[in-house]
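Undergrad: Below you'll find the structure I mean.
Protein chains: 2
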Amino acid sequence: MAMNKLNRGVAIVGAGMSKFGAFPGKATRDLFVESFAEMQGSVDKGVDVKDIEAVFIGNYSSDLFEGQGHTAPFMTHAVGLNPVPATRCEDACASSSAALRSGIMAIASGLYDMVLVGGIEKMSDLPTSEVTDTLATASDALYDVPAGYTFPGFYATIATAYMDKYGATPEAWMSVGIKNHDAGSLNPKAQFGQRIRELMDIKIKSAEKKGRPIPTWADEMEFMHDDRANLVIAWPMRLFDCSPVSDGAASLLLVAEDLAKNFTDNALHIIGSGQASDVTLRYRSDLTTLSSAKAAAQQAYEMAGVGPKDIKVAEVHDCFTVAEVVATEDLGFFSPGQGYEAAMEGVTSLRGPRPINSSGGLKSKGHPVGASGAGQVVEVWKQMRGEAGARQLEGDIDVGLTHNVGGTGESCFVHIFGRK
Amino acid sequence: MAMNKLNRGVAIVGAGMSKFGAFPGKATRDLFVESFAEMQGSVDKGVDVKDIEAVFIGNYSSDLFEGQGHTAPFMTHAVGLNPVPATRCEDACASSSAALRSGIMAIASGLYDMVLVGGIEKMSDLPTSEVTDTLATASDALYDVPAGYTFPGFYATIATAYMDKYGATPEAWMSVGIKNHDAGSLNPKAQFGQRIRELMDIKIKSAEKKGRPIPTWADEMEFMHDDRANLVIAWPMRLFDCSPVSDGAASLLLVAEDLAKNFTDNALHIIGSGQASDVTLRYRSDLTTLSSAKAAAQQAYEMAGVGPKDIKVAEVHDCFTVAEVVATEDLGFFSPGQGYEAAMEGVTSLRGPRPINSSGGLKSKGHPVGASGAGQVVEVWKQMRGEAGARQLEGDIDVGLTHNVGGTGESCFVHIFGRK
């Protein structure tokens, strides 16, 4: 067995993202250029992008979403970097974490000193029903898809199993949604950067306009329970338990650790990286945890020499609200079966003792699947550098973590970032 | 600029492939298991596959061909390797060379000691016209596809430009096809393992059966010129200038160089690896060469410390016959404009002084696009170990090369293998 250790350290010296949202007039390359420009501007001491030696692009399926394969060299051309080597990495919704890990290995291997990691996805050109079918291809096309499973169904299965085992109620999931929209309302890049009470007002006004007035709800939780406001998608997952259909891109600039000071005195050093796979849901003995997430976390913690208590900022994969609760347990922030109460009690809210998804998470910020992992790193970059504006976490944010899931955990990546 | 050098050497200690062909009853995972079993059996001193620590799968688009995304963990499960990390690498028809390079970097990075590199594609479930459309997504979907370009058209453009510049005639392309079917007839894994004169007989008998008798051709070249036998696909590319629609898989076992002796005394050491990108055809000033191939070759030769003259076995990317001629020039085997004469004069035939594509190439062996690059390595593995049977090259085959193109050279990989 190899040591869980890199031959050469790697640091992030620049990070940027496009706004996440639905952009019918824009091509993927436009969004990627937007993220690249922000990344370039974020490098404190400047960078000549001609020094970038390789590009790794995370993308789930531009093939199905846009009829564009072989996307890595086209993205590379869009930012003026041809003829540098360009490779696409794919692990469903964890594709840009796969690209990040590939970029890390590329530098640690000795082949390169400076690497661009990108994440891209443009989903909104398809109708939502086709997006759901397209995403379903990330499950087993021989067995799961013919059985009628799509991802809302998978995560609903996880949620009901969790409720059955631990006595949680749908309010647990709803409180994650409320919390993440609270945080996302402070993130100018978020696709749905509104608090739930703002969304209530939009809903009421829209119903009035249509001549079909609906009640004024007393509070968010009442709104979340109303079938007219918050459709059941796959019980207990309702509309406000699901991340949206999104377009977006993110860019990260990686350099060999020994070169980081040439670009910034405030780099994010990769101190931990873990990755694991798992079988599909129907083979698992326990539906309330992702074993790939636990394995990836263990690898990353070991490499970093830190534990859950050391993590000051954590972006976790809340494609559905239940996924955030499971993630906080798999990462060791809470014991199994205790994550849902923590969410309901505000422990994981922006000003709570253990903030989770300060960006608003995939739920509020948006989930352009191939860009989501790199987007998580952009939030950690901002928080660790004190650049997160109104949603800046308090205290010394010296260790950060990202947790990015492909499918229902058939892939999972955990990365840990520190200072040096 | 990083040194073009790996922090840790890497060797291939096992290699296997499925038969290439059209297998309507089989799933991709069946073909992958077939290749994995052959790989496992090829390890001279045996291997416990539970020691494999990570999997990199090259695949162009199971998304579009089969409605299966996130294919890496599913393939990993099929060979019993979950929960090891699994990532898909994509660079169109060079996807499994991207996986190979990722596997090399993964070991050189220090993260792993033993890695499985796979290549898979199952194309034959779609009708041929849809396959052509699916492959066209590897060109620029914003500009090339709406202009009506598909890959036969792209390579026809290259062929006409070459003919215009150097005075070549279609006989040059035809002689590549005849040559590669000659070699492929000696390869039991080849999809179309028939010599052209055998295919002539099949054609004649089939026409007789249908009550529409056709002439008996005097020789292969006459057959190749007959529009009834050899349809024009995109002039000057005819049917027998095009690689077929294929299903197939290949598996390679990589270990850190210092561990190779535990598995075999006859390993293939990675002595060179190069990768480059390029803009799409319409931006290029010279259509008769792939600049990405020249750049990738230069990187690989430099890393290996060898030159074109040292290469004893070369598998090059003949998705269309013209591509082989261009490849032999880009790799420095012949000067620009001299590759076509070499092909016509038999220089590149199996028993010629500079044999190219002893496997039969993509033309005869088949081109399951995501598996083709790893399949090339399987041929080099067999030739360098003296296990190529009737098509075994003569002399000491101590240095081998693979050249694998994505699209029309928007990506290109060159790998060089040696003994140590």
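These protein sequences, in sequence, are chains E and Y. Heads up, the first sequence is in the working numbering, so the first residue is 15 and it goes up one at a time. Heads up, the second sequence is in the working numbering, so the first residue is 15 and it goes up one at a time. We put the CB at the ideal spot given by N, CA and C, even for glycine. Since the structure is predicted, the reported quantities are computational estimates derived from the model, not experimental observations.
1) Tell me whether Val291 of chain Y sits in a helix, a strand or coil according to DSSP, three-state version.
2) Is the stretch 324-343 of chain Y touching the stretch 363-378 of chain Y, taking contact as three or more C-beta pairs under 8 Å?
3) Report the neighbours of Leu20 of chain E on chain Y: residues whose CB is nearer than 9 Å to its CB, in chain order.
4) What does the alpha-carbon distance come out to for the pair Gly39 of chain E and Val129 of chain E?
5) Starting from the Cα of Asp77 of chain Y, find the closest Cα among E:Thr148, E:Gly319 and E:Val327 and give me that residue.
6) Is there a Cβ from chain Y that is less than 8 Å from the Cβ of Gly373 of chain E?
7) With DSSP as the reference, please indicate the residues paired to Arg102 of chain Y in a beta bridge.
8) Distance check for Leu268 of chain E and Ile118 of chain E, CA to CA, integer angstroms please.
9) For a quick check, are the C-beta atoms of Asp58 of chain Y and Leu273 of chain Y less than 8 Å apart?
10) Tell me the residue span of the beta strand (DSSP E) that contains Gly35 of chain E.
11) Could you tell me whether the Cβ of Asn96 of chain Y comes closer than 8 Å to any Cβ of chain E?
12) Would you say His84 of chain E lies against chain Y (beta-carbon separation less than 8 Å)?
13) Taking the beta carbon of Leu114 of chain E as the centre, do at least 16 other beta carbons fall within 10 Å, making it buried, or is it exposed?
14) Short of 8 Å in beta carbon distance, which residues of its chain neighbour Val320 of chain Y, apart from the five on each side in sequence? Order them along the chain.
15) How would you call Asn201 of chain E, buried or exposed, if buried means at least 16 neighbouring beta carbons within 10 angstroms?
16) Pairs of beta-carbons, one from the stretch 189-208 of chain E and one from the stretch 255-263 of chain E, closer than 8 Å: are there three or more?
17) Since Met497 of chain E sits in a beta bridge, which residues does DSSP pair it with?
18) Compare the C-beta of Gln312 of chain E against all C-beta atoms of chain Y and say whether one is closer than 8 Å.
19) Quick one: what's Ser425 of chain E bridged to in DSSP?
20) So the beta strand (DSSP E) Lys136 of chain Y belongs to, where does it begin and stop?
21) Check the C-beta distance from Ala155 of chain E over to Gln82 of chain Y and give it rounded, since I have them as a contact under 8 Å.
22) Should Gln390 of chain Y and Thr416 of chain Y be called a contact, given that it needs their Cβ atoms to be closer than 8 Å?
23) Looking only at C-alpha atoms, which of Y:Thr303, Y:Lys308 and Y:Ser291 sits nearest to Glu424 of chain Y?
24) Out of curiosity, what's the CA-to-CA distance linking Pro87 of chain Y and Ala100 of chain Y?
25) Whole angstroms is fine: what's the gap from Ala152 of chain E's alpha carbon to Glu408 of chain E's?
26) Figure out for me which residue from Y:Asp233, Y:Phe46, Y:Asn276 and Y:Pro166 has the closest Cα to the Cα of Thr422 of chain Y.
27) With DSSP run on the structure shown, which of helix, strand or coil describes Ser116 of chain Y?
28) Could you tell me which chain E residues have their CB closer than 8 Å to the CB of Cys256 of chain Y, listed as they occur along the chain?
29) Give the list of continuous alpha helix (DSSP H) stretches no shorter than 4 residues that lie fully inside the stretch 153-185 of chain Y.
30) Between the beta-carbon of Met235 of chain Y and the beta-carbon of Gly191 of chain Y, is there less than 8 Å?
31) Figure out for me which residue from E:Thr164, E:Ala106, E:Ile121 and E:Tyr157 has the closest Cα to the Cα of Ser143 of chain E.
32) Is the Cβ-Cβ distance between Ala92 of chain E and Val47 of chain E less than 8 Å?
33) What is the DSSP secondary structure of His283 of chain E, counted as helix, strand or coil?
34) Leaving out the 5 sequence neighbours to the left and right, which residues in its chain are closer than 7 Å to Val4 of chain E when beta-carbon positions are compared?
35) Roughly how many angstroms separate the alpha carbons of Thr146 of chain Y and Pro250 of chain E, rounded to a whole number?
36) Going by C-alpha to C-alpha distance, which of E:Gly60, E:Ser363 and E:Phe50 sits closest to Met89 of chain E?
TA: Taking the structure as given:
1) For this step, residue 291 of chain Y is matched to residue 277 along the second sequence. Looking at the sequence shown, residue 291 of chain Y is not Val but Ser. Three-state result, Ser291 of chain Y: strand.
2) yes
3) Walking along the first sequence from the start, residue 20 of chain E turns up at place 6. The answer, in chain order, is Ser123, Gly124 and Leu125.
4) Counting from one through the first sequence, the residue named residue 39 of chain E turns up at place 25. Counting from one through the first sequence, the residue named residue 129 of chain E turns up at place 115. About 30 Å.
5) Reading the second sequence from its first residue, position 63 is the one you call residue 77 of chain Y. Nearest option by C-alpha distance: E:Thr148.
6) Position 359 of the first sequence holds residue 373 of chain E. Gly is not the amino acid found at residue 373 of chain E; the sequence shown has Ser there. Closer than 8 Å: no.
7) Sequence index remark: in the second sequence, residue 102 of chain Y carries index 88 (1-based). Paired residue(s): E:Glu104 and Y:Ile71.
8) Your numbering for residue 118 of chain E matches position 104 in the first sequence. Your numbering for residue 268 of chain E matches position 254 in the first sequence. Taking the straight line from one Cα to the other gives about 8 Å.
9) On the second sequence, position 44 is the one that residue 58 of chain Y refers to. On the second sequence, position 259 is the one that residue 273 of chain Y refers to. It is not a contact, given that the beta carbons lie outside the stated cut-off.
10) The residue you call residue 35 of chain E lines up with position 21 of the first sequence. Counting along the chain, Gly35 of chain E falls outside any beta strand (DSSP E), and DSSP gives it neither H nor E.
11) Locating residue 96 of chain Y in the second sequence gives position 82, where the first residue counts as 1. Asn96 of chain Y counts as touching chain E.
12) Mapped onto the first sequence, residue 84 of chain E falls at position 70. Chain Y contact via Cβ: present.
13) Residue mapping note: residue 114 of chain E aligns to position 100 of the first sequence, counting from 1. Buried.
14) Taking the second sequence and counting its residues from 1, the one referred to as residue 320 of chain Y is at position 306. Answer for Val320 of chain Y: Ile285, Gly286, Val413, Ile430 and Gly432, listed in chain order.
15) Reading the first sequence from its first residue, position 187 is the one you call residue 201 of chain E. The residue in question, Asn201 of chain E, is buried, as its Cβ has 16 or more Cβ neighbours within 10 Å.
16) yes
17) This structure does not reach residue 497 of chain E, given that chain E is present from 15 up to 434, and the question cannot be answered.
18) Counting from 1 along the first sequence, the entry for residue 312 of chain E is found at position 298. So, not an interface residue.
19) Start at 1 with the first residue of the first sequence, and residue 425 of chain E comes out as number 411. According to DSSP, Ser425 of chain E bridges with E:Ser291 and E:Gly420.
20) To locate residue 136 of chain Y, count along the second sequence from 1; it is residue 122. Start and end: Met128 to Lys136.
21) In the first sequence, residue 155 of chain E corresponds to position 141, counting from 1. In the second sequence, residue 82 of chain Y corresponds to position 68, counting from 1. Confirmed, about 4 Å.
22) As a first step, residue 390 of chain Y is located in the second sequence; it is residue number 376 there, counting from the start. As a first step, residue 416 of chain Y is located in the second sequence; it is residue number 402 there, counting from the start. Going by C-beta atoms, Gln390 of chain Y is nearer than 8 Å to Thr416 of chain Y.
23) Numbered from its first residue, the second sequence carries residue 424 of chain Y at position 410. Measuring from the Cα of Glu424 of chain Y, the nearest candidate turns out to be Y:Ser291.
24) Indexing the second sequence from 1 puts residue 87 of chain Y at position 73. Indexing the second sequence from 1 puts residue 100 of chain Y at position 86. Approximately 5 Å, taken between the alpha carbons.
25) In the first sequence, residue 152 of chain E corresponds to position 138, counting from 1. In the first sequence, residue 408 of chain E corresponds to position 394, counting from 1. In a straight line, the C-alpha of Ala152 of chain E is about 38 Å away from that of Glu408 of chain E.
26) The count along the second sequence starts at 1 and reaches residue 422 of chain Y at position 408. The shortest C-alpha separation from Thr422 of chain Y is found at Y:Pro166.
27) The count along the second sequence starts at 1 and reaches residue 116 of chain Y at position 102. Correct three-state label for Ser116 of chain Y: helix.
28) Here residue 256 of chain Y is taken as the residue at index 242 of the second sequence, counted from 1. Per Cβ cutoff of 8 Å: no residues; Cys256 of chain Y is ~19 Å from chain E at best.
29) 165-180
30) Position 221 of the second sequence holds residue 235 of chain Y. Position 177 of the second sequence holds residue 191 of chain Y. Against a cut-off of 8 Å, the Cβ pair of Gly191 of chain Y and Met235 of chain Y comes out as no contact.
31) Along the first sequence, one-based indexing puts residue 143 of chain E at 129. When each option's Cα is compared against that of Ser143 of chain E, the closest is E:Thr164.
32) Indexing the first sequence from 1 puts residue 92 of chain E at position 78. Indexing the first sequence from 1 puts residue 47 of chain E at position 33. In this structure, Val47 of chain E lies closer than 8 Å to Ala92 of chain E by Cβ.
33) Numbered from 1 along the first sequence, position 269 holds the residue referred to as residue 283 of chain E. If DSSP states are grouped into helix, strand and coil, His283 of chain E belongs with the strands.
34) The first residue shown for chain E is 15 and the last is 434, placing residue 4 of chain E beyond what the model contains.
35) Stepping through the second sequence from its first residue, residue 146 of chain Y is reached at position 132. Stepping through the first sequence from its first residue, residue 250 of chain E is reached at position 236. Taking the straight line joining both Cα atoms gives about 43 Å.
36) Numbered from 1 along the first sequence, position 75 holds the residue referred to as residue 89 of chain E. The shortest Cα separation from Met89 of chain E among E:Gly60, E:Ser363 and E:Phe50 belongs to E:Phe50.
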